[in-house]
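Quick notes on the structure that follows.
In our numbering, the protein residues as written are 28 to 357.
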């Protein structure tokens, strides 16, 4: 009996040790509360793509909360704008780029980085916005910085945050239409999937096609949002991060091959139709969760624009210190 008990105890110890050895690593992922992100991450959030080595938890949040979370390292993986990478480094944080989350699709139908006015507005061009109020989600948001770079470099206007040619009004995107209709602002910076929805509504008119201007400035489609982690965290668990990065890429690819399934679930939650989501992913932007062939060269050019705007103290000239050695590539 004593021998049996000892054998059972040894077996239990072995089982517990084995279970512990193969326990899934936990990776927390922050993302923006937006139908594009919800679609790209749908498969991983709904268990359609899995990896026994890693357990991913996703939390969707507004852009200002995401920016704050990225600076406080609340999540293991989080999106942030291209200019945020050197900004974080200037603040003593060591971000590493895992892949590109959002990249513009070249073409005349892309209005993802436009400025919009009411159809009956007397404003006909960016020049007419001098002295006017423009609603944005955050002056630090990459899509807003990109618009400011275009206004400054292509139109020769002062797009400074304070004391420039415009008054920038920071409000949630959900309040853009009410602010514009109520006359509290003169133009708004609709972005991501909301920009597509607004474009197709016919209620508003674009006075700046930012995505087209950015291609002319940088020589390729703009990678606006990057997937990042933190150097010390990634060094401690490289295999967990690699498994998570691959899983996020698989989730984005699942969306592309199962659009009817994914968009039918996501669209109603954001007061959209599945066709509107399909349209955005067809003509506005891709969400590859992987680096493209021109992305890194554009990072450097965008950083130079950020320095000119005063967003960065000094623009880095080399991307290598910011790139994870296992970065996912297309």
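All C-beta atoms in this analysis are idealised placements derived from N, C-alpha and C, irrespective of residue type, glycine included. Here the structure is a predicted model, which is why all the values come from computation and not from measurement.
Annotated three-state conformation of residue 233 is strand, per DSSP. Between residue 317 and residue 276, the C-beta spacing is below 8 Å.
The alpha helix (DSSP H) runs lying completely inside the region 44-126 and spanning 4 residues or more are 62-67, 69-72, 90-99, 111-117, given in chain order. In the same chain as residue 354, and ignoring 5 residues on each side of it, the C-beta atoms closer than 7 Å to its own belong to 124, 125, 126, 318, in chain order. Residue 257 holds the alpha-carbon nearest to the alpha-carbon of residue 120 among 351, 76, 257, 54. Within its own chain, the residues whose Cβ lies closer than 6 Å to the Cβ of residue 235, once the five positions on either side in sequence are excluded, are 141, 142, 153, listed in chain order. The closest CA to that of residue 347, considering only 326, 337, 209, 298, is found on 326. Distance from residue 68 to residue 278 at the Cβ level is roughly 6 Å; contact confirmed, criterion being Cβ atoms closer than 8 Å. Here residue 314 is not near residue 62, since their CB atoms are 8 Å or more apart. The C-alpha of residue 183 lies about 15 Å from the C-alpha of residue 337. Cβ contact annotation for residue 244 (same chain, cutoff 8 Å, sequence separation greater than five): 176, 177, 180, 181, 328, 332, in chain order.
Unbroken beta strand (DSSP E) runs of no fewer than 3 residues, entirely contained in the region 242-314, are found at 250-257, following chain order.
Secondary structure note for residue 162: it is in no alpha helix (DSSP H), and the uninterrupted beta strand (DSSP E) holding it is 160-163. Taking the Cα of residue 70 as reference, the smallest distance to any Cα among 284, 229, 150, 149 is reached at 284. Residue 114 is classed as buried because its beta carbon has at least 16 other beta carbons within 10 Å across all chains shown.
Take the alpha-carbon of residue 117 and the one of residue 342: they are about 10 Å apart.
A Cβ-Cβ separation of about 15 Å leaves residue 312 out of contact with residue 174 under the 8 Å criterion. Between residue 291 and residue 303, the gap from beta carbon to beta carbon reaches 8 Å or more. Spanning the alpha carbons of residue 150 and residue 156 requires a straight line of approximately 7 Å. Residue 167 sits in coil when the DSSP states are folded into three classes, being neither helix nor strand. Shown here for residue 194: same chain residues with a beta carbon closer than 6 Å to its own, the five before and five after excluded, namely 160 in chain order. Taken atom to atom, the span from the alpha-carbon of residue 213 to that of residue 103 is near 39 Å. Rounded to the nearest whole angstrom, the CA to CA distance from residue 164 to residue 91 is 8 Å.
Setting aside the 5 residues that flank it on each side, residue 349 is surrounded in the same chain by 112, 124, each with a C-beta closer than 6 Å to its C-beta; the list follows chain order.
Positions of the beta strand (DSSP E) runs, each at least 3 residues long and wholly inside the region 161-219, are given as 194-197 in order along the chain. Around the beta carbon of residue 322, 16 or more other beta carbons lie within 10 angstroms, which makes this residue buried.
CA-to-CA, the gap between residue 260 and residue 352 works out to about 14 Å. Residue 330: member of the alpha helix (DSSP H) spanning 322-336, first to last residue. Rounded to whole angstroms, residue 252 and residue 79 show a C-alpha spacing of 28 Å.
Here residue 221 has 200 as same chain residues with Cβ atoms under 7 Å from its own Cβ, once five neighbours each way along the sequence are excluded.
Using a Cβ distance threshold of 8 Å, residue 122 and residue 255 count as a contacting pair. Within the same chain, Cβ atoms closer than 7 Å to the Cβ of residue 132 are found at 248, 310, 311, 312, 313, the five residues on either side in sequence being excluded. Bounds of the beta strand (DSSP E) holding residue 145 are 141-145.
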